[in-house]
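Written out below as structure tokens is the structure these notes cover.
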Amino acid sequence: MTEHQDPQDPKEPESPKAVPEAAGPGSNGSASVARQKGAAKRPWRTTRVPPRAATRGTGRTAPASRRWVLIAAGALFILLFGVVFVRGLNSGPKLPPRTVEDQEFVRQANASCARSLPDLRRDRARRRTGDENKEAALAGTVDRTSDELARLTAEVRGLPVSDGDQAEVRRWLDDWDAYVVTGRRFADSLRRSDNKSYAGISAESNELSERIFGFSKANGISECVF
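Numbering-wise (numbering that gives the first Met the number 0), the sequence shown opens with residue 0 and increments by one.
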């Protein structure tokens, strides 16, 4: 039994080589031809895979829609908090000179912002980990954040400030108002799937963010940095 099985054992590993398919049993030359044919088949397989993979996503609208939602989510981060917050963590831009001398206003403004902005930042963190995959849902989130920023702007505007500082504070809060407006416009563009207007709105919001950041840091109102 063992002498009959030993000759068969070497033949079993050879079955995947397709030698019989190439030229039948026998010579080493036929095995070489089979190997050459097998090698010729491999490039044919590899050249067909990339076109198949490439066409898998190009004809569908769903991946493009997902990309647009990701862009929108990133724009939301930049629009509402990202630029000024990140710039506040490093050296930041060159700050303007200090223009507000009313330290009681500074204290009260910091207190108002410290009560409201941390909640907005936590809400932003929850939104970034959520599954908001619809433009309408994201637009609603932007609107709610804009509403809260508008409420905070009105609260800070109602704080008493010395006559000599009123003009500077008014310009600062006017930038807050404009910032809220860009948020509402951004939400509008999401609902209309108007990604063409995204770049312009983002540029406006970034410019406003820089000014708000600079004034806040220069005058010691750091809690009001978004």
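No residue lacks a Cβ here, since even glycine has one placed at the ideal position from N, Cα and C.
Alpha-carbon to alpha-carbon, Pro117 and Thr98 | 26 Å
Enumerate in chain order the residues of its own chain whose CB-to-CB distance from Pro95 is below 6 Å, with the five nearest sequence positions on each side excluded.
-> Gly213 and Ala217
Apart from the five residues just before and just after Val168, which ones in its own chain have a Cβ nearer than 6 Å to its Cβ?
-> Val160
Determine, using beta-carbon pairs with one atom in the region 191-201 and one in the region 140-154, whether at least three such pairs fall under 8 Å.
-> no
Alpha carbon to alpha carbon, how far is Gln107 from Thr181?
-> 26 Å
Can the beta-carbon of Asp234 be found less than 7 Å from the beta-carbon of Ile200?
-> The structure shown does not extend to residue 234, since the chain is modelled only from 0 through 225, so no value can be given for it.
Considering only residues of the same chain and omitting the five flanking positions on each side of Leu207, which have a CB-CB separation below 6 Å?
-> Asp174, Ala177 and Tyr178
Inter-residue Cα distance where the pair is Lys93 and Gly219 | 15 Å
Entirely within the region 183-218 and at least 3 residues each: give me those beta strand (DSSP E) ranges in chain order.
-> none
Would a C-beta distance cut-off of 7 Å place Leu172 and Arg156 closer than the cut-off?
-> yes
My guess is that Asp164 and Phe104 are in contact by the Cβ rule of under 8 Å, so how many angstroms apart are they, rounded?
-> 7 Å
Alpha-carbon to alpha-carbon, Ser111 and Leu151 | 7 Å
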